[in-house]
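Visitor: Residue numbers for the sequence shown follow the numbering used here, beginning at 9 and rising by one.
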Amino acid sequence: MKDIIINATGTDMMNLWNLRNGKVSFRRFRNRSWIFVSGTGYDLDFLARQLDASGKYSYTEATRRNVYGSMEGLEIEVKPSGIKDLTVAIEHIGLGRKYSIFNADIDPALRFMSERNLQFFSIESPEDMDPPVSSVYVGGKTNLGTPVEVTIGDRRYRKINTSLLSDLEFAIKDSTIVVYDNRDRLFEKLMKLMAMNGFNPGFSKGKQGSTYQSYGQVYYSNPRINIPGKITIEADSFTYSEAGIAGLIEMSRISTLPIVTASTVTAGTAVSSMEESYAIRNDILIPLYKDDHEQAKSSSTLMETDKGGMVLQPEPGTYTDVYEIDFSSMYPSIMVNYNLSPETINSNGDFRVPGLPYRVDTSRRGFLSLALENLLNTRLTYKAIKHRNRVYEQRDAALKWMLLTSFGYTGYKNAKFGKIEVHESITAMGRWALSRAISLAIRHGFEPIHGIVDSLWINGNGNIDSLLKEIAEETRIGIVLDGHYRWITFMPARSGLGALNRYVGLRDDGTFKVRGIEIRRSDVPQICVDFQMDALNILRRCNTPGEIWGKKGEMEIFEGAYLKELHTKPREDFRVGIHVTKNREEYRVNNLQKKILENADRIGYNISIGDRVGVIVVNKNEGKIDLADQYGGVDFQFYRKMLRRSFEPIDFIISSCAPKNRLTNLTAFY
Numbered sequence: 009m010k011d012i013i014i015n016a017t018g019t020d021m022m023n024l025w026n027l028r029n030g031k032v033s034f035r036r037f038r039n040r041s042w043i044f045v046s047g048t049g050y051d052l053d054f055l056a057r058q059l060d061a062s063g064k065y066s067y068t069e070a071t072r073r074n075v076y077g078s079m080e081g082l083e084i085e086v087k088p089s090g091i092k093d094l095t096v097a098i099e100h101i102g103l104g105r106k107y108s109i110f111n112a113d114i115d116p117a118l119r120f121m122s123e124r125n126l127q128f129f130s131i132e133s134p135e136d137m138d139p140p141v142s143s144v145y146v147g148g149k150t151n152l153g154t155p156v157e158v159t160i161g162d163r164r165y166r167k168i169n170t171s172l173l174s175d176l177e178f179a180i181k182d183s184t185i186v187v188y189d190n191r192d193r194l195f196e197k198l199m200k201l202m203a204m205n206g207f208n209p210g211f212s213k214g215k216q217g218s219t220y221q222s223y224g225q226v227y228y229s230n231p232r233i234n235i236p237g238k239i240t241i242e243a244d245s246f247t248y249s250e251a252g253i254a255g256l257i258e259m260s261r262i263s264t265l266p267i268v269t270a271s272t273v274t275a276g277t278a279v280s281s282m283e284e285s286y287a288i289r290n291d292i293l294i295p296l297y298k299d300d301h302e303q304a305k306s307s308s309t310l311m312e313t314d315k316g317g318m319v320l321q322p323e324p325g326t327y328t329d330v331y332e333i334d335f336s337s338m339y340p341s342i343m344v345n346y347n348l349s350p351e352t353i354n355s356n357g358d359f360r361v362p363g364l365p366y367r368v369d370t371s372r373r374g375f376l377s378l379a380l381e382n383l384l385n386t387r388l389t390y391k392a393i394k395h396r397n398r399v400y401e402q403r404d405a406a407l408k409w410m411l412l413t414s415f416g417y418t419g420y421k422n423a424k425f426g427k428i429e430v431h432e433s434i435t436a437m438g439r440w441a442l443s444r445a446i447s448l449a450i451r452h453g454f455e456p457i458h459g460i461v462d463s464l465w466i467n468g469n470g471n472i473d474s475l476l477k478e479i480a481e482e483t484r485i486g487i488v489l490d491g492h493y494r495w496i497t498f499m500p501a502r503s504g505l506g507a508l509n510r511y512v513g514l515r516d517d518g519t520f521k522v523r524g525i526e527i528r529r530s531d532v533p534q535i536c537v538d539f540q541m542d543a544l545n546i547l548r549r550c551n552t553p554g555e556i557w558g559k560k561g562e563m564e565i566f567e568g569a570y571l572k573e574l575h576t577k578p579r580e581d582f583r584v585g586i587h588v589t590k591n592r593e594e595y596r597v598n599n600l601q602k603k604i605l606e607n608a609d610r611i612g613y614n615i616s617i618g619d620r621v622g623v624i625v626v627n628k629n630e631g632k633i634d635l636a637d638q639y640g641g642v643d644f645q646f647y648r649k650m651l652r653r654s655f656e657p658i659d660f661i662i663s664s665c666a667p668k669n670r671l672t673n674l675t676a677f678y
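1) Is it buried or exposed for P209, if we count other Cβ within 10 angstroms and need 16 for buried?
2) Within 10 angstroms of the Cβ of D93, are there 16 or more other Cβ atoms? Answer buried if so, exposed if not.
3) With a CB to CB cut of under 6 angstroms and the five nearest residues on each side skipped, what residues in its chain are close to S530?
4) Looking at the secondary structure, which residues open and close the alpha helix (DSSP H) in which G561 lies?
5) Over the uninterrupted alpha helix (DSSP H) stretch that includes F120, give me the two end residues.
6) Buried or exposed for V361, please, with buried defined as at least 16 other CB atoms from any protein chain shown within 10 angstroms of its CB.
7) Does the beta carbon of H575 come closer than 8 angstroms to any beta carbon on chain D?
8) What is the C-beta distance between R439 and N345, in whole angstroms, given that I count them as a contact (C-beta under 8 angstroms)?
9) Counting beta carbon pairs with one atom in the region 370-388 and one in the region 316-326, are three or more of them shorter than 8 angstroms?
10) Quick one: what's got a C-beta closer than 8 angstroms to L388's C-beta in the same chain, skipping five residues either side?
11) Going by C-alpha to C-alpha distance, which of P500, M21, G504 sits closest to R510?
12) Do I466 and E478 have their C-beta atoms within less than 8 angstroms of each other?
13) Once the 5 residues before and after A56 are set aside, which same chain residues still bring their CB inside 8 angstroms of it?
14) Cβ of I91 within 8 angstroms of Cβ of V45?
15) Give the straight-line distance between the Cα atoms of G612 and L635, rounded to the nearest whole angstrom.
16) Go ahead and pull the three-state DSSP assignment for V597.
17) Pop quiz: A449 and L475 are said to be a contact at Cβ under 8 angstroms. What is the actual Cβ separation, rounded to whole angstroms?
18) What number of angstroms, rounded off, separates the C-alpha of D136 from the C-alpha of L574?
19) Note down, in chain order, each residue of its chain lying with its Cβ closer than 6 angstroms to the Cβ of R549, except the 5 sequence neighbours on either side.
20) Within this structure, are the beta carbons of G622 and R583 separated by less than 8 angstroms?
21) Can you tell which of L544, K649, I239 has its C-alpha closest to the C-alpha of F660?
22) When you compare each of R164, N190, R193, I160 to E177 by their alpha carbons, which one comes out closest?
23) Quick one: residues in its chain with C-beta nearer than 7 angstroms to the C-beta of T289, no 5 flanking neighbours on either side, listed in chain order?
24) Consult DSSP for I5 and reduce its assignment to one of helix, strand or coil.
25) Hey, how far is the Cα of L52 from the Cα of L59?
26) Given this structure, state the Cα-to-Cα distance separating H587 from I267, to the nearest angstrom.
27) Taking the alpha carbon of I253 as the point to measure from, which residue in H458, Y400, S663, Q534 has its own alpha carbon closest?
28) Put M79 into one of helix, strand or coil per three-state DSSP.
29) With H, G and I counted as helix, E and B as strand and the rest as coil, what does DSSP make of M22?
30) Give the straight-line distance between the Cα atoms of N205 and D20, rounded to the nearest whole angstrom.
31) Going by DSSP in three states, T17 sits in which element: helix, strand or coil?
32) If you reduce the DSSP assignment to three classes, tell me which class Y639 lands in.
33) Determine, using beta carbons only, whether I262 and Y188 come nearer to each other than 8 angstroms.
34) Tell me whether E630 is buried or exposed, calling it buried when 16 or more other Cβ atoms sit within 10 Å of its Cβ.
35) Using the three-state DSSP reduction, which class does L508 fall into: helix, strand or coil?
36) Could you round the C-beta distance between A679 and L293 to whole angstroms and report it? I think they count as a contact, below 8 angstroms.
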C-alpha cells in the first residue's frame, strides 16, 4: 500500500505527514521558492542592480505567462519565509506602481504540493472511501467558564477528575485527528487541567479568538489549539459543522490546502486556493494584487449590467401538486459551459451574453472555466450518489459551499482571478436561464408559482420529465426535480407580499421541507421548535386544502394546551440563543443583549463580541437573565409571546386553506 499524504506543515522546511496502514510518519523536505516581477525594461534593469547590490538574491531573466498571455520579467529565488520582506522591498523600490509581482503570497504547503503535482488524501475514484485516519471528538459544557461536563467520542463524563483526564490523554494519543470544542475555552482549560495534574498533553495555543464580520454579520472565532503530531480541528469550523470530517477531507483534497487550514478558511478562500493550485500546476502566474479593474461604463450601461439573480415573487397561500425544479450548481455551470473567464470577456467574442453588451470568446477555454470544471463535475457526481453513503453526502455538502462561493469571488475586489464583467455575465446568464425555464414550463402546461435565482416551483398537469429535458438542452445547464409536494404554503412578508424564503411543503414521501420559520432558527427556545414539529405532525396526515382546513379546531385546542402546559416543560427548553454583536455601551436600547452583558459584567464573566450566548429569561422587565443556573424561575409571560409567534406560520397554513377564501386576512398572520 502506498503512502498517502494527509497533512503538510512548515515553510522553508516542509514536513509531509504520510499515512500507511493506519500509521503516520513524517518526512522533511527543503522548500525553495521564487517570485516573478514584470515591468518596463528600464525598471527591471534598475531592480536587477538593486538585487545585485544586496548580494542576497539570485535571479534570472525569464518569460512566463498569466491568464492573458506571456510577459518578460525577473524570476527571483527566495526562501518562502523571506517572500514578504522581499515583496515589500520591491514595492518600495518601484514606488508601489512600477512593478507587477506574481506568486508572492501563496500558502507554502499548497505551493509545495502543487509544484510537485501532489494531493492530500488522494483517491483513485470519487466513489473510493477516504484513507482510514483515526479521530476523536472532545466537547462538553461549561458553567460561567468552568468545565462541568465533558464528552470524549461517545462517552460522557459528568465529573472532572483524574479518571477523565487519563481517558482524555489516551484518546488524544490514540487519534490522528482531534476535533475539539473550544467555546468558552473549554478544550484549552481541559489541556491546562491535564498539565496541572501531571499529564503531558503537549498543547500550544494557536490563533487567538477574534471577532470578525462576514456578509454584514458579526461573529466570534474561538481560540485555536495545536497539539504536536496531531491534526486539530475546532468543532465550530463552518465546514466541519456543515460537512463533517469527510467534507473537510474533500475540501483539503480539492483545494490543496492542509486540512487544518481548510477548517479555518471560508469556502470562498478554499475556491481561490483551488484556482491558485490549478494555476501552479499549469505554469500560470498568480498576481499578488488584482489589477484587472472594472471597465469604464456609462450610467445607462451600469444600470443594464449591475443586476442580481431573477426572482418570481409568490402569491401567499397554499398550493397543491407542486414540483420544485432546481438548476444544478447554476452559476458554476454557467462559468464552465459558457467559458466565462477574465480573458474571454471582450468586444470581439463570438457569443453575446443575453441582455448585456458583452461578448465571450469561445475559441479557447478560459482559465476559470478550466479551473472549476473538476470541482463542478466532482460535485455533480456526489450529488447523484450521496444517498448511498454518509461520506458522499458530506463531500457533496462541502463542495456545494465551494461552488456557491465560486461565483461571488468573480466580483470580489481582491479575487486574484476575478473580474466584475464576468460576475455580471454570470448573473445575466442566470436570469436568462430561469426566464427560459418559466417560458418552457408554461408551454408544457404548468403554472409558475415562485422562482428564485436557480429554483422554480410550478404546478399543472404537464410532463415534468419532458420539461426538464428541454430546459437542460436549451440552457446547457443541468436541472433536476428536487421534490414533488402534496401541498406547499408560501408565507407572506410583513408587507403582505409573498416572502421569498419562508415556506412549508409536504412532499410525497411524507417529509417536510421548511424554510424561514422557528424550526430553522437558532434564536428561539426549544419549546417553539417542539410546538412546530408537533403541529406539522398533525398536518402531515393532510393531503388537500380541505383536509388542512378541517384541522382548524384541533389545532386551536392543541395551541391552547401548549400554552396551558408551558410551566410543565423542562427548564432547559426555555434557553434562548442570543447573538451579542456590540459592546455593552454601544446598545442604545435596553434589549436582551444589553441585559446579558450587564449580568455578565456583574458576575465577572466575559462574553466575546460576536458570540452566541444561551440564556434563560427569568424576568425581562427587571433585566434578570440566567446565564448558567445562578437563578431559578422562568418569565412565562415572555415565553408565551415567543410561543404565540411560533403559532403564526401554522395558523396561516390553515387559514389560507379556508373554503373560497385562499388569502384569509393576511394581517392576522402578524
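All C-beta atoms, glycine included, are put in the ideal place defined by N, C-alpha and C. It should be emphasised that the depicted structure is a prediction, and the values quoted were computed from it without experimental measurement.
Guide: Answer, in terms of the structure:
1) Working through the sequence shown from its first residue, we reach residue 209 at position 201. Buried, by the Cβ-count rule.
2) On the sequence shown, residue 93 is found 85 positions in, with the first residue counted as 1. That one is exposed.
3) For this step, residue 530 is matched to residue 522 along the sequence shown. For S530, where only same-chain residues beyond five positions count, the Cβ hits under 6 angstroms are G585.
4) Numbered from 1 along the sequence shown, position 553 holds the residue referred to as residue 561. 560-572 is the span of the alpha helix (DSSP H), which, as asked, contains G561.
5) Taking the sequence shown and counting its residues from 1, one reaches residue 120 at position 112. Looking at the DSSP string, the run of the alpha helix (DSSP H) that includes F120 is 116-123.
6) Residue mapping note: residue 361 aligns to position 353 of the sequence shown, counting from 1. Burial call: buried.
7) This model lacks chain D altogether, as it is built from one protein chain only.
8) Here the question's residue 439 lines up with position 431 in the sequence shown. Here the question's residue 345 lines up with position 337 in the sequence shown. With a Cβ gap of about 16 angstroms, R439 and N345 do not count as contacting.
9) no
10) The count along the sequence shown starts at 1 and reaches residue 388 at position 380. Around L388: S336, S337, G486.
11) Sequence index remark: in the sequence shown, residue 510 carries index 502 (1-based). The option with the nearest alpha carbon to R510 is P500.
12) For the purposes of this step, residue 466 is identified with residue 458 of the sequence shown, where counting begins at 1. For the purposes of this step, residue 478 is identified with residue 470 of the sequence shown, where counting begins at 1. Result no, Cβ atoms of I466 and E478 do not sit closer than 8 angstroms.
13) Here the question's residue 56 lines up with position 48 in the sequence shown. The answer, listed in chain order, is Y67, L82.
14) Counted from its first residue, the sequence shown places residue 91 at position 83. Counted from its first residue, the sequence shown places residue 45 at position 37. No; because the gap between Cβ atoms is not below 8 angstroms, this pair is not in contact.
15) Stepping through the sequence shown from its first residue, residue 612 is reached at position 604. Stepping through the sequence shown from its first residue, residue 635 is reached at position 627. Looking at the two C-alpha atoms, the distance is approximately 12 angstroms.
16) Within the sequence shown, numbered from 1, the residue matching residue 597 stands at position 589. Looking at V597 - three-state DSSP - the assignment turns out to be coil, as it is neither helix nor strand.
17) Sequence index remark: in the sequence shown, residue 449 carries index 441 (1-based). Sequence index remark: in the sequence shown, residue 475 carries index 467 (1-based). Rounded, the Cβ-Cβ distance is 6 angstroms, consistent with contact.
18) In the sequence shown, the residue the question calls residue 136 occupies position 128. In the sequence shown, the residue the question calls residue 574 occupies position 566. Roughly 50 angstroms between the two C-alpha positions.
19) Working through the sequence shown from its first residue, we reach residue 549 at position 541. Answer for R549: no residue qualifies.
20) Within the sequence shown, the letter at position 614 stands for residue 622. Within the sequence shown, the letter at position 575 stands for residue 583. Result yes, Cβ atoms of G622 and R583 sit closer than 8 angstroms.
21) Translated into the one-based positions of the sequence shown, residue 660 becomes position 652. Checked all of L544, K649, I239; the closest Cα to F660 is L544.
22) As a first step, residue 177 is located in the sequence shown; it is residue number 169 there, counting from the start. Of the listed residues, the one whose Cα sits closest to E177 is I160.
23) Within the sequence shown, residue 289 is the residue found at index 281, counting from 1. Sequence check: residue 289 is Arg here, not Thr. Here the set comprises S122, N125.
24) Absent from the model: residue 5. The displayed extent of the chain is 9 to 678, so no value can be given.
25) The sequence position of residue 52 within the sequence shown is 44, counting from 1. The sequence position of residue 59 within the sequence shown is 51, counting from 1. L52 and L59: Cα-Cα distance of roughly 10 angstroms.
26) For the purposes of this step, residue 587 is identified with residue 579 of the sequence shown, where counting begins at 1. For the purposes of this step, residue 267 is identified with residue 259 of the sequence shown, where counting begins at 1. Cα-Cα distance, rounded: 29 angstroms.
27) If you number the sequence shown from 1, residue 253 lands on position 245. The residue with the shortest Cα to Cα distance from I253 is Y400.
28) The residue given as residue 79 occupies position 71 in the sequence shown. Reduced to three states, the DSSP call for M79 is strand.
29) Within the sequence shown, residue 22 is the residue found at index 14, counting from 1. Looking at M22 - three-state DSSP - the assignment turns out to be strand.
30) What you label residue 205 is simply residue 197 of the sequence shown in a count that begins at 1. What you label residue 20 is simply residue 12 of the sequence shown in a count that begins at 1. C-alpha separation (whole angstroms): 37 angstroms.
31) Start at 1 with the first residue of the sequence shown, and residue 17 comes out as number 9. Residue state, collapsed to three classes: strand.
32) In the sequence shown, counting from the first residue as 1, residue 639 sits at position 631. Note: Y639 maps to coil in three-state DSSP.
33) Along the sequence shown, read from residue 1 onward, the residue named residue 262 stands at position 254. Along the sequence shown, read from residue 1 onward, the residue named residue 188 stands at position 180. Not a contact, by the Cβ cut-off of 8 angstroms.
34) Counting from 1 along the sequence shown, the entry for residue 630 is found at position 622. Exposed: under 16 other Cβ atoms inside 10 Å.
35) The count along the sequence shown starts at 1 and reaches residue 508 at position 500. If DSSP states are grouped into helix, strand and coil, L508 belongs with the strands.
36) Missing from the structure shown is residue 679; the chain here goes from 9 to 678 and no further.
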